[in-house]
Amino acid sequence: MDDLDREILSILRRDARTPYTEIADRVGTSEGTVRNRVERLVDDGVIERFTVATRTGNVKAMIEVSVDVNVDTGEVSDRIAEWQEVDFVWQVSGEEDIVVVVDAADTDAVNGLITKARELEEVVGTKTRLILNERVG
Numbered sequence: 452m453d454d455l456d457r458e459i460l461s462i463l464r465r466d467a468r469t470p471y472t473e474i475a476d477r478v479g480t481s482e483g484t485v486r487n488r489v490e491r492l493v494d495d496g497v498i499e500r501f502t503v504a505t506r507t508g509n510v511k512a513m514i515e516v517s518v519d520v521n522v523d524t525g526e527v528s529d530r531i532a533e534w535q536e537v538d539f540v541w542q543v544s545g546e547e548d549i550v551v552v553v554d555a556a557d558t559d560a561v562n563g564l565i566t567k568a569r570e571l572e573e574v575v576g577t578k579t580r581l582i583l584n585e586r587v588g
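For the sequence shown, our numbering begins at 452 and goes up steadily by one.
Structure representation (structure tokens):
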């Protein structure tokens, strides 16, 4: 990956719908070059997916999950990722093992997800942080 790829990715991170012609103008290359670069980045797995960021007026939160030491965090993460309100699931280093970013209708719904996580046999604890404001970097 070179500097041009990084510039293209920076633009797509802010708005994945940006037309290739606009990206080409902004980075000083042709539309065909941008299209080919994006296709290669997808094929190489650098771009995993194009997604939608929402401002639903819902409550967003990070639920930090600790699991037992003998647990496959990948398997637990996969199960949690299936929950309807989940935006992201990250396996992380530090005190907690998994961070779940949720977009729930209200605080009662967030609390329900915390309870659902705590009811998983592998989970030994949770910490929750409400997301007050969000910026795209």
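We put the CB at the ideal spot given by N, CA and C, even for glycine.
For the beta strand (DSSP E) containing residue i, name the first residue and the last one.
i, result
"D454", "Element bounds for D454: not the beta strand (DSSP E) but the alpha helix (DSSP H), D454 to R465."
"G479", "That residue, G479, is in no beta strand (DSSP E); it is neither H nor E in DSSP."
From which residue to which residue does the alpha helix (DSSP H) around residue i run?
i, result
"S544", "Where S544 is concerned, there is no enclosing alpha helix (DSSP H), given that its DSSP letter is neither H nor E."
"V589", "Outside the shown range of the chain (452 to 588) lies residue 589, about which nothing can therefore be said."
"G563", "T558 to R569"
Check whether the Cβ atoms of residue i and residue j lie closer than 7 Å to each other.
i, j, result
"T577", "I514", "yes"
"S517", "V553", "no"
"T566", "I549", "no"
"V551", "V561", "no"
"E573", "V489", "no"
"E536", "A512", "no"
"D557", "V510", "yes"
"E462", "T469", "With the sequence shown as reference, residue 462 is identified as Ile, and Glu is not the correct amino acid for it. Yes."
Per DSSP, residue i forms a beta bridge with which residues?
i, result
"G576", "S517"
"L581", "A512"
"F539", "V552"
Please determine, among the options, the residue with the shortest C-alpha to C-alpha distance to residue i.
i, options, result
"V543", "A555, E533 and V527", "V527"
"T579", "R569, E573, E585 and R586", "R569"
"V571", "E547, D559, D519 and D466", "It is worth fixing the name first, because residue 571 is Leu in this sequence and not Val. When only C-alpha atoms are compared, the closest one is D519."
"W534", "D476, E473 and G563", "G563"
"G496", "G479, R586 and L460", "L460"
Is residue i near the ligand NAP, with its Cβ less than 6 Å from a heavy atom?
i, result
"Q542", "Ligands displayed in this structure: none; no statement on the ligand NAP is therefore possible."
Cβ contact (3+ pairs, closer than 8 Å) linking the segment 480-499 and the segment 454-461: yes
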